Amino acid sequence: MDDERNLTRFEQPMDDSGMHWTRGVAAGSLVVGALLLVTGRRAAGLAVAAAGGAVALLEDPEAVRDAWNSIPDLVHSGQDFLSRAEGIIDDINQQKDRLRNMISREA
C-alpha cells in the first residue's frame, strides 16, 4: 500500500535552495489569487487561486485532503466567533442606550 502511495507522487525536481518548484508555484499563485480578489479582480483571482490549488493537489494530495476535511471545523469556529462578537456588540449597544437615557434625564 505504501508503494502505491509513493507511485502516485511523482518526483519533483528541486532548485538550488532545496525547495520543490511546485510548492513555490502553488504558494505564489494562492497569494496572487488572494491579492487579485482583494483588489476587485474577482474572475482573475479565482482562476489563479484555482490553479494554485490544483498545483498544491498535485504536490501533496494527502495534505489537501486533510485541509478539505478540516473546513467544517473552521466554519463552525468562525460561526462561534461571530456569535460571540454579536453578543458583545449587543451588550455595548445596551450600555450605550442606558447611558443615553441617563444623560437625557439629567439634561
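All letters in the sequence shown, in the order written, are residues 4 to 110 by the numbering used here. Built from N, CA and C at the ideal position, the CB exists for glycine as well. Note that this is a predicted model, so its numbers are computed, not measured.
Residue environment analysis places Val41 among the exposed positions, since fewer than 16 neighbouring C-beta atoms fall within 10 angstroms of its C-beta.
Annotation: Val78 to Gly27 spans about 27 Å, alpha carbon to alpha carbon. The C-beta of Glu62 has 16 or more other C-beta atoms within 10 Å across all chains shown, which makes the residue buried. Taking the Cβ atoms as the reference, Ala52 lies roughly 22 Å from Ser80, outside the contact range of under 8 Å. Arg45 and Ser73 have their C-alpha atoms spaced approximately 25 Å apart.
Following the DSSP letters along the chain, one finds Asp100 inside the alpha helix (DSSP H) bounded by residues Pro64 to Glu109. A check of alpha carbon separations from Ala47 across Met105, Asp69, Gly36 and Ala29 identifies Gly36 as the nearest.
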